[in-house]
Each structure stands twice: as structure tokens, then as C-alpha cells.
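Student:
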Amino acid sequence: MRLADLAAEIGASLEGDGEIEIDGVAPVDAAGPGKVTFLANAKYRAALAETTASAVIVDRSEPVAGPAVLRSDNPYLAFIAALSLFDDRPKPAPGIHPSAVIDPSAEIGAGAYIGPCAVIGAQVRIGCDARIYPNVTIYPGVVIGERFMAHAGAVVREGVQLGDDVVLQPGAVVGADGFGFIPMGVEPPLPIPQIGTTRLADKVEIGANSTVDRAAVGETVIGRGAKLDNLVMVAHGCRIGDGSLLAAQTGIAGSTKLGRRVMTGGQAGIQGHIELGDDSAVAAGSGVVAGVRAGSTVAGYPSVPISAWRRSAVLIRRLPEFFKRLRSLERRLESASEARKPDS
Amino acid sequence: MRLADLAAEIGASLEGDGEIEIDGVAPVDAAGPGKVTFLANAKYRAALAETTASAVIVDRSEPVAGPAVLRSDNPYLAFIAALSLFDDRPKPAPGIHPSAVIDPSAEIGAGAYIGPCAVIGAQVRIGCDARIYPNVTIYPGVVIGERFMAHAGAVVREGVQLGDDVVLQPGAVVGADGFGFIPMGVEPPLPIPQIGTTRLADKVEIGANSTVDRAAVGETVIGRGAKLDNLVMVAHGCRIGDGSLLAAQTGIAGSTKLGRRVMTGGQAGIQGHIELGDDSAVAAGSGVVAGVRAGSTVAGYPSVPISAWRRSAVLIRRLPEFFKRLRSLERRLESASEARKPDS
Amino acid sequence: MRLADLAAEIGASLEGDGEIEIDGVAPVDAAGPGKVTFLANAKYRAALAETTASAVIVDRSEPVAGPAVLRSDNPYLAFIAALSLFDDRPKPAPGIHPSAVIDPSAEIGAGAYIGPCAVIGAQVRIGCDARIYPNVTIYPGVVIGERFMAHAGAVVREGVQLGDDVVLQPGAVVGADGFGFIPMGVEPPLPIPQIGTTRLADKVEIGANSTVDRAAVGETVIGRGAKLDNLVMVAHGCRIGDGSLLAAQTGIAGSTKLGRRVMTGGQAGIQGHIELGDDSAVAAGSGVVAGVRAGSTVAGYPSVPISAWRRSAVLIRRLPEFFKRLRSLERRLESASEARKPDS
């Protein structure tokens, strides 16, 4: 693709030779001739100075020397547009593979691709343009909106409800039984039947091998546009607000409610039966054991406001010095007291 | 179902109108007319006051005003009985789907449901009334007791032994090779063949996408009635005692032994080659690096008795104040020493 | 097998009766007559004194009394050789099951076993002697070297490249879409197309239910001989160096680079966009938020050199004592100051 055409396609203004041929997108530290790259993180500005990429997408004010430059008011959106142009990953054509097993009572919308050995249970309803990869299992009674995409090995348990544009990465499990057992002393713990369900709103994405359990009663809910990374655990009865972003290996215990646009870093853990307000955030690796106010960011375990955590974290490293200073004070007081003794 | 009938079915005494029609169970903060609810957590007592549920299950002494009341000596068990009554999730009828692939040498007990694309290897023996969902894989030589339930995508590796009433949630993996490699300097680490196996006793449940590795030699063992939540990792050679409850994302390194009824919170991590006594507990997010005495609860990383951890956790937050007080003492001593100098 | 023959097979020198019959390998604390065992961990030296095993593999200098002894310069390698001799786990014979679904355009090398309901997409190329277990999914365009082993339920997404001798444990997912979304305020976060790929070099092993995401652009790379335990997350754009060993539930955020032979303990977390040098190590449960120098070991969260972390960890436990001593000093200074007042 000519660079000038690329610029037009992604709505960027061009500085440099529009005749250059562009054949792909590459990260700034690995891009070479023929590639367009992108400054996404200030850490890579130095690498940008040395890139041999043919062009770079930046914002209006970025000082750049060297390759051709594509300037955009929103370089992120321009970058996404460029990625889409060069996305050559194979897409399956509509069609149902003969080895797929679809219950006769299931209703599948037009335009679906259903891959080999995918299994779709009784009374399932799926909207149009679904893409269901091999070895996916949809249990009976599941209701799914338009443009569903389920990658290989994903599992949707009985009666789960999914909105439009839901994406399940490989191995994602939606609607497994919640972890509810009553300890019985010397007898095995007694399972609490998990008769509730799970509901994912429109535009929810669940990462590879993540699990969103069904509720004991009622629903576990993932709000509109919320995205879960890989190996995330959402326990029974949780409600995750619209647009929340949960990074990999986050775990959320039962009945906890996250507001809208909550963000968690990787390996964050959140206790059950608490609430996190809209636009709150949890730093990676933190353990949240109490409610979090809207708009605030917490860190540490037990978590505290991130500024307080940072102060404590620095001081923990200084504890050895601190103990020495304390010991020194004690010695000075002792020697002072010794020194005074003869006078008394 | 009439409320009076429900009361009789679950063995509760009724206060209120037995003619009310009940059509389901719901959580206290989402229950409406026609629903029976349950006070499971004192946090929800306030919500109970405002519920529009038609009835509530409580213990003998709970003060309740408003809806009809079902009193039970053990409201948890009564609640479970009510859940079972209203459990309308579809259950598969016995029968083997023609697309399931069962080795001719496998022996399957009466009453089994085996779903589409489930695969059962040579010499496998499975007891009666098994329920094996689609896309499950049972490797050769596996021996399984009665009433086995394996949800979609679960995998049981070669030679694993499972007792009666074992439940595998979707994507659970039992008997994968343990992580054993010998570093070889500049050459790739050398794999240690994992020739042992895994044994799950009766009434064990393994959560969605959890993994219980086979032993290098001997067995990895999960004791009777132990329950693992989702995304739990049990490494090769571990022994988990009867009735233990391991919350989501717990990880246990190789050859560690947990006693009976050990409980771990979410994201707990336990080092290899140590022992945790009967009825011990590990708080969520903690890292255990040494043995734990029977009956004790530990927290933190490295973990200490939970009371000590709580004291330290509070004091960590006070470190900034602490440093200030130390600095203030130092200044006072310095100025005192300055003040004395003229006298000397 | 006669013990003398075993000794010869594993290249060990024999002390004791070579006519003893050996029928298996067992851990030191569970071995009985007929078994050969192994001293792998000094913790088990006491157990060795009490073992009823028929023979034990040790190094040249280990003092051992009791059973027959097999001495080796490298007892670990001798132990591996013994394990291989007694590895009687069933291995599938070459052959393609009729229920496997292989696209006509795929090229599969000689000697392959392909199990029931395995699915292999268009344009896939796989080297000789592959072993692909049931319900595995290989997406279109994947290129794989010799002796590939993929356990049940593993998924390899489109266009991924795998070297020779790659092993995927059950449920491993390679090449799922990276977690890239742009927050859009009240609108759902916008997905960044993940058009890059994933490459695993020779002799890489990925643990059960682990996930290695594809890059947004370019490649996610796992170096030669690197081994990932179960439930490990490697995010988009990471590069893991040759021979690295990542223990279970480790998580590595996007674009981070690990050098050669990096080791992480279980549940370690590593921030995105940083570098860890060759032969560095991260203690279990630690959170790394900055680059780590080659050869160094870090611990804690935020991580520091492990010796510093150990000092701090000890002192954290002493904080209550510390606060008391501080308070005591303050009181002494106050009373001293009170005592001086009358003189002034």
C-alpha cells in the first residue's frame, strides 16, 4: 500500500514521501523498511530515533526526525485503523462443519461459522454472524446475541445469557458452578446448589482460560464493554460494571460489586461482599479487603490509597536504617543516664 | 409451590401465610414477590428489612419483621434444600452420543450420559451413572468410581484414579505432567519424566480450569471431600487432606502436604516440601514458606500467625508517622546535647 | 529388572546385592521393597535412613547405610534414566483417528498420532512424529517442527510458529489475542487488533491451562528450551529468553523481556515494558516493577534484592516491639525534660 493511501485510510496528515510502499505494521524496536510503526509509550522515544521503519504514526506535536511521519489528533485510533488494514489473519467463511453437533432445537442466526467438533445444546439461541471455533461447547438453554465469537475450547454453561458482540478467547469458561460448600466437620463439605446464572452484556470480552462463575441464586453479571484478560476469576454473584478492565490473573471473590470503568492490575485480588466505586482502580498484585471509593486508586495488601502505599513501601526498605537509628538513640540515652549517675 | 409445602419439604417451621405461591429462590438484595430468600451473611440484615421477597429462611432466633418466615435449626441446610427444589437447570438424559469416541476396551457403567465429541481411551473403567459432557477427554487407563461428573473440556490424563462422586468443572485438568526440569547451563533444561500419577478420593470437586499435576514418582493425592475452586494449581507430589477447601487461584508447590480440613483464601501460595496441619488456614493472598501448626491461621508473606500479621499491617501504615517521631527524638537529643556543650 | 542391570543401564556403580529384583521407582518417604528411590532434597535424608526401598540412587560421597546403593557422578541424570526405564504410561501408536478433522491443505509429517476430535486447520504444516491428543485445535496457518506433542484441549491460534520438540500440556493456549483496549470514557473500551503472532522456539514446554498471547504487532517469543509451568500468563509482545523456567501462576505483563535462564517462583508478577537480565531470578509471590540486573535475585513487592527483602521481612515482624521502644524513648525524654524543669 502506498503511504499516501495509508494516510488517507487512517485519516492522518502525511509528512514525507507518499510513494513509499508500506507492507505491514511493526513495533518501534523491531520495525524495518516497508513497515509503519507507532509511538505508543514514551519509553520507546529513543528507539524511535534509531528506527529504520518507513513511517511512524505520532500525534500532532511529537518532534520526529527521520522516517516519513503520519500525524493524527488521536494517534491511537489511527494506529488501530492501520492495524485493521494489515490484519491478514485468516477468517473462517460462514458455514457449519459436518462434524459440529447442533441440537435440532437450537436456533442459529444467518451467516454463522461453526467449526469442527463444536457442540451446541438444546434450546440454544444464537444471533446472526456468529463465529464458533472448533471444540467449543455451548450447553443447553444458552441465549446469545449477534456477532458472537467463541474461540476453540471455550465453554458456556447451561442457561447463560450473552449480549451482542461478546468475545470468548480460547478456553474461557462462563457459568461454571460457584464455589459454595458448607463445612460439616468430619463429613465432606456439603455443596450448595448453584442454581443461578451468568449474564454478559454487549461487547464483553473474556480472556483465555478465564472463568466467570454462575451465581448460587440470581446472576453473576459482567457489564457492557467490560473486558477480562487471561486467567481472571470472577466468583459467583459478582457484578462487574460497564467498561471495566481486569488485567490477567485478577481474582474477585463472591458477591462483590465493581462500578463502571474499574481497572485492576495483574494478579489483583478482591475480597467478597464489598463494593468498588465507579472509576476506581486497584494496582497490580494488591489485595483489596474493604470497599473502595469512586475515583480512587488503591494498592498493597491490605490495600490503602496508592500514595500511602508508596510512602510505606519506601519506608519498609529503610527499616534496617530505622532500627539502627532507634538503637543509637537508646544507647545515647543510656550513656547519658550513666553519665549523670555519678552526680546523683 | 405453596409456601406451606415448601416449609414441609425443607423441614422448616412456618410463620405467616402458607398459601403464598413461591416460584423461586433469590438473593436478599434482589428478591421480589414470589421468591424465598435467605439470611446468609449478617451484612445483608439491613437489606432483609427492605426486601419484597415473599418469605425468608432464618434461624430460630433471628428477629425478622415483614415477609413470611421459615425457621430452621440449620438455615443453611434448609436453604440448600430449597435451592434443590427450584433447581431447573437442564440435566442430560442417559445415553451415549454417536459422535463420542469410546475405545472398545473401555468399560462404562450403567446409566451414563456421554456427550458429543467426548473421548474415552483404552482400558478406562467408569462406574455407573456417569455424566460426561461434550469435548471431555479421558486418557487410557483411567479408573473412575460411581456418579462421575465431568464438565465440557475437562481432561483426565493417563492412569489417573478417581473415586466416587468426583466432579470436574469445565476445563479442569487432572494428571498433567509435573513441572520438573534440571537446569543444564547453556543447554535446555532437562525434563524429569513424570511417571507417577494422581488420585482423587471420593467426593472431590475440581474447579474450572484448575490443574492437579501427576507426581514424578508415586501419587499426587486429593483427599476425600476436598474441594478446589477455579484456577487452583496443585503441583506434583502434593497431598491435600480430606475436606480441605482451596479458594480460587491458590497455588501449592511440589510435595507439600495439607492436613484435613485445611482452608486457603484466594490467591494463597504455599511453598513446596512443607506440611500444614489439620484444620489450619491460610488467609487470602498469603505466601506460606514454612510449616503451619494444626488449627492455626497464618497470613502475610512470609506468613505469620494472623494476629501478628494484623498488628504489623496496621503498623506498616503508620511508618511515616513513626519516622517523623524518630526524627523528632533525634533532633531533641541533638539540641539537648548542643545546649549542654557550653557547660562543659 | 535385576538391580545390577539397572545400575548398568543408568551408568551407576553398585554397592550391594545385584540380584535384587527392582520393579519401579518411588519417592523416599513412600518407597518399599522392590523400589529404587533417590535422595533429591536434603530434607529427606532422615526419611532415607528409615526407607524400606531396595535401593537408593545417591552421589559419590553421600553416606548411606541400609539398602543397596547406586552411586553416580550425577545422581539427577541417573534418576532420570531410571524413571525412563520404568515409564509405563501408555503411548499412542501412530495413526490418525477418523474423527479427527484435518483440512486437506494441511501437511502432516510421517509417524503422527492424531487423536479423536482433534482439529487441524488450513495450510497448517507439522513435522514428523507429532503426537496430537484428542480435542486439540490447531488454527489455520500454524507451522510446527518435529516431534510436536499437544495434550488434550490445547489450542494453537492462527499463524503461530512452533519449533521442534515443543510440548503443550492440556488446555495450554498459544496465540490468543493480547489484552489491548483503549478506554473511551462512557463508551466501551476499543479493542486494538492483535495482528502479530507468537513464536515458540525448540524444546519449549507450556504448562496446563497456561496462556501465551500473540503480539499486537510483531511477535511474542518464548526462547529455546524455556519451560512454563501451569496457569502461567505471558502477555503480548513479551520475549522470554532461552532456558528460562517460570513456575506456576507467574504473570508477565506486555512487552517485557526476560534474558536467558531467568527463573521465577510461583505467583511471581512482572510489570510490562521492563527487562530482566540473564540468569536473574524472582522469588515466589514477588512483584517486579523495575528492571532486574543479570544474575541478581529479587523478592517482595515492589521487589528489591532478596537479601534486602529478607532483612525487611524480619523487621516488619518486629514493628510492634519497635513502636514500643520508640514510645519508651519518648517517655524517657519527656520525664527527663519534666525533671529538668524545676532547675531552670
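Chains as they are written, first to last, in numbering that gives the first Met the number 0: chain A, 0 to 343; chain B, 0 to 343; chain C, 0 to 343.
C-beta: ideal position from N, C-alpha, C; glycine also.
Just so it is clear, the structure is predicted and the values come from calculations on it, not from any experiment.
Please confirm whether residue 286 of chain A has its beta-carbon closer than 8 Å to some beta-carbon of chain C.
Tutor: Your numbering for residue 286 of chain A matches position 287 in the first sequence. So no, residue 286 of chain A is outside the interface.
Student: Look at residue 5 of chain C and residue 81 of chain C and say whether their C-beta atoms are less than 8 Å apart.
Tutor: In the third sequence, counting from the first residue as 1, residue 5 of chain C sits at position 6. In the third sequence, counting from the first residue as 1, residue 81 of chain C sits at position 82. In contact: residue 5 of chain C and residue 81 of chain C (Cβ atoms closer than 8 Å).
Student: Mapping DSSP to helix, strand and coil, what is residue 287 of chain B?
Tutor: If you number the second sequence from 1, residue 287 of chain B lands on position 288. DSSP places residue 287 of chain B in strand when its eight states are reduced to three.
Student: Does the beta carbon of residue 329 of chain B sit closer than 8 Å to a beta carbon anywhere in chain A?
Tutor: Within the second sequence, numbered from 1, the residue matching residue 329 of chain B stands at position 330. Yes, because at least one Cβ of chain A sits closer than 8 Å to the Cβ of residue 329 of chain B.
Student: I'd like to know if the segment 152 to 168 of chain C and the segment 37 to 50 of chain A are in contact, where contact means that at least 3 CB-CB pairs between them fall below 8 Å.
Tutor: The segment 152 to 168 of chain C vs the segment 37 to 50 of chain A: no contact.
Student: Please confirm if residue 170 of chain C has its CB atom under 8 Å from at least one CB of chain B.
Tutor: As a working mapping, residue 170 of chain C is identified with position 171 in the third sequence. For residue 170 of chain C, the answer is yes, since a Cβ of chain B falls inside 8 Å of its Cβ.
Student: In angstroms, rounded to a whole number, what distance separates the CA positions of residue 176 of chain C and residue 312 of chain C?
Tutor: For the purposes of this step, residue 176 of chain C is identified with residue 177 of the third sequence, where counting begins at 1. For the purposes of this step, residue 312 of chain C is identified with residue 313 of the third sequence, where counting begins at 1. Cα to Cα, the separation comes out at about 39 Å.
Student: Under a Cβ-count criterion, where at least 16 other Cβ atoms within 10 Å of its own Cβ denotes burial, should residue 218 of chain A be classed as buried or exposed?
Tutor: Here residue 218 of chain A corresponds to residue number 219 of the first sequence, with the count starting at 1. Under this definition residue 218 of chain A is a buried residue.
Student: Taking residue 54 of chain C as the reference, give the member of C/72, C/75 and C/19 with the closest Cα.
Tutor: As a working mapping, residue 54 of chain C is identified with position 55 in the third sequence. Distances from the CA of residue 54 of chain C to each of C/72, C/75 and C/19 were compared; the closest alpha carbon is that of C/19.
Student: May I have the straight-line CA-CA distance separating residue 316 of chain C from residue 310 of chain C, to the nearest angstrom?
Tutor: Mapped onto the third sequence, residue 316 of chain C falls at position 317. Mapped onto the third sequence, residue 310 of chain C falls at position 311. Computed Cα separation, rounded: 10 Å.
Student: State buried or exposed for residue 286 of chain A, treating a residue as buried only when at least 16 other CB atoms are found within 10 Å of its CB.
Tutor: To locate residue 286 of chain A, count along the first sequence from 1; it is residue 287. Buried, since its Cβ has 16 or more Cβ neighbours within 10 Å.
Student: Taking the Cβ atom as the reference point for each residue, do residue 265 of chain A and residue 293 of chain A lie within a distance shorter than 8 Å?
Tutor: The residue given as residue 265 of chain A occupies position 266 in the first sequence. The residue given as residue 293 of chain A occupies position 294 in the first sequence. Pairing residue 265 of chain A with residue 293 of chain A gives a Cβ-Cβ distance that is not under 8 Å.
Student: To the nearest whole angstrom, what separates the beta carbons of residue 112 of chain B and residue 130 of chain B, a pair I think is in contact under 8 Å?
Tutor: Numbered from 1 along the second sequence, position 113 holds the residue referred to as residue 112 of chain B. Numbered from 1 along the second sequence, position 131 holds the residue referred to as residue 130 of chain B. Their Cβ separation, rounded to whole angstroms, is 5 Å, which keeps residue 112 of chain B and residue 130 of chain B in contact under 8 Å.
Student: Judging by CA-CA distance, which residue of C/102, C/71 and C/110 is the nearest neighbour of residue 90 of chain C?
Tutor: Against the third sequence, residue 90 of chain C aligns to sequence position 91. When only C-alpha atoms are compared, the closest one is C/110.
Student: Quick one: what's residue 304 of chain A bridged to in DSSP?
Tutor: Here residue 304 of chain A refers to the residue found at position 305 of the first sequence. Residue 304 of chain A is bridged to A/297.
Student: With DSSP run on the structure shown, which of helix, strand or coil describes residue 343 of chain C?
Tutor: Against the third sequence, residue 343 of chain C aligns to sequence position 344. The predicted position of residue 343 of chain C is uncertain, since its pLDDT is 45 and thus under 50; no value can be drawn from it.
Student: Leaving out five residues before and five after residue 150 of chain A in sequence, what residues of the same chain have Cβ atoms less than 7 Å from its Cβ?
Tutor: Residue numbering aside, residue 150 of chain A sits at position 151 when the first sequence is read from its first letter. Once the five neighbours on either side are set aside, the close Cβ partners of residue 150 of chain A are 132, 167, 168 and 169.
Student: Going straight from the alpha carbon of residue 125 of chain B to that of residue 143 of chain B, what length do you get?
Tutor: If you number the second sequence from 1, residue 125 of chain B lands on position 126. If you number the second sequence from 1, residue 143 of chain B lands on position 144. So the two alpha carbons sit approximately 5 Å from each other.
Student: Rank B/22, B/181, B/25 and B/62 by C-alpha distance to the C-alpha of residue 41 of chain B and give the top, closest one.
Tutor: Numbered from its first residue, the second sequence carries residue 41 of chain B at position 42. Closest by alpha carbon: B/62.
Student: With residue 301 of chain B and residue 314 of chain A assumed to form a contact (beta carbons below 8 Å), what rounded beta-carbon distance in angstroms separates them?
Tutor: Counted from its first residue, the second sequence places residue 301 of chain B at position 302. Counted from its first residue, the first sequence places residue 314 of chain A at position 315. At roughly 19 Å, the Cβ-Cβ gap does not stay under 8 Å, so residue 301 of chain B and residue 314 of chain A are not in contact.
Student: Should residue 343 of chain A be flagged as near chain C, meaning a C-beta pair shorter than 8 Å?
Tutor: Residue numbering aside, residue 343 of chain A sits at position 344 when the first sequence is read from its first letter. Because the pLDDT at residue 343 of chain A is just 45, under 50, the model does not fix this residue reliably, and the value given afterwards should be weighed accordingly. Taking Cβ atoms only, chain C never reaches closer than 8 Å to residue 343 of chain A, which makes this a no.
Student: Who are the Cβ neighbours of residue 255 of chain C in its own chain at under 6 Å, not counting the five residues just before and after it?
Tutor: As a working note, residue 255 of chain C is residue 256 in the third sequence. These residues qualify, in order along the chain: 237, 269, 271 and 273.
Student: Using three-state DSSP, classify residue 256 of chain A as helix, strand or coil.
Tutor: As a first step, residue 256 of chain A is located in the first sequence; it is residue number 257 there, counting from the start. Strand.
Student: Pick helix, strand or coil for residue 88 of chain B, following the three-state DSSP scheme.
Tutor: Reading the second sequence from its first residue, position 89 is the one you call residue 88 of chain B. It is coil, neither helix nor strand.
Student: Does any CB atom of chain B fall closer than 8 Å to the CB of residue 268 of chain C?
Tutor: Numbered from its first residue, the third sequence carries residue 268 of chain C at position 269. For residue 268 of chain C, the answer is no, since every Cβ of chain B falls outside 8 Å of its Cβ.
Student: Helix, strand or coil for residue 234 of chain B per DSSP?
Tutor: Residue 234 of chain B sits at position 235 when you count from the first residue of the second sequence. DSSP places residue 234 of chain B in the coil class of the three-state scheme, outside both helix and strand.
Student: With a CB to CB cut of under 8 Å and the five nearest residues on each side skipped, what residues in its chain are close to residue 369 of chain C?
Tutor: This structure does not reach residue 369 of chain C, given that chain C is present from 0 up to 343, and the question cannot be answered.
Student: May I ask you to report which of helix, strand or coil DSSP gives residue 239 of chain A?
Tutor: Within the first sequence, the letter at position 240 stands for residue 239 of chain A. DSSP places residue 239 of chain A in the strand class (E or B) of the three-state scheme.
Student: Would a check of beta-carbon distances place residue 98 of chain B closer than 8 Å to chain A?
Tutor: Position 99 of the second sequence holds residue 98 of chain B. Cβ-Cβ to chain A under 8 Å: yes for residue 98 of chain B.
Student: Nearest-angstrom Cα distance between residue 39 of chain C and residue 260 of chain C?
Tutor: Start at 1 with the first residue of the third sequence, and residue 39 of chain C comes out as number 40. Start at 1 with the first residue of the third sequence, and residue 260 of chain C comes out as number 261. Answer to the nearest angstrom: the Cα atoms are 22 Å apart.
Student: Between residue 71 of chain B and chain C, is there a C-beta pair that is closer than 8 Å?
Tutor: As a first step, residue 71 of chain B must be located in the second sequence, where it is residue number 72. Among the residues facing chain C, residue 71 of chain B is not included, as its CB has no counterpart in that chain under 8 Å away.
Student: From the beta carbon of residue 316 of chain B, is the nearest beta carbon of chain A less than 8 Å away?
Tutor: The count along the second sequence starts at 1 and reaches residue 316 of chain B at position 317. True, the Cβ-Cβ gap to chain A drops below 8 Å.
Student: Strictly under 8 Å for the Cβ-Cβ distance: is residue 160 of chain B near chain C by that measure?
Tutor: Within the second sequence, the letter at position 161 stands for residue 160 of chain B. So no, residue 160 of chain B is outside the interface.
Student: Nearest CA to the CA of residue 3 of chain A: which residue from A/56, A/227, A/30 and A/50?
Tutor: Working through the first sequence from its first residue, we reach residue 3 of chain A at position 4. Checked all of A/56, A/227, A/30 and A/50; the closest Cα to residue 3 of chain A is A/56.
Student: Express the C-alpha separation of residue 333 of chain C and residue 343 of chain B in angstroms, rounding to a whole number.
Tutor: Residue mapping note: residue 343 of chain B aligns to position 344 of the second sequence, counting from 1. Residue mapping note: residue 333 of chain C aligns to position 334 of the third sequence, counting from 1. A caution first: residue 343 of chain B carries a pLDDT of 45, below 50, which makes its placement in the model unreliable, though a value can still be read off. In a straight line, the C-alpha of residue 343 of chain B is about 23 Å away from that of residue 333 of chain C.
Student: Spatial neighbours of residue 181 of chain B within its chain, please: CB distance less than 7 Å, with the 5 preceding and 5 following residues excluded, ordered by chain position.
Tutor: The sequence position of residue 181 of chain B within the second sequence is 182, counting from 1. Hits under 7 Å: 188, 189 and 191.
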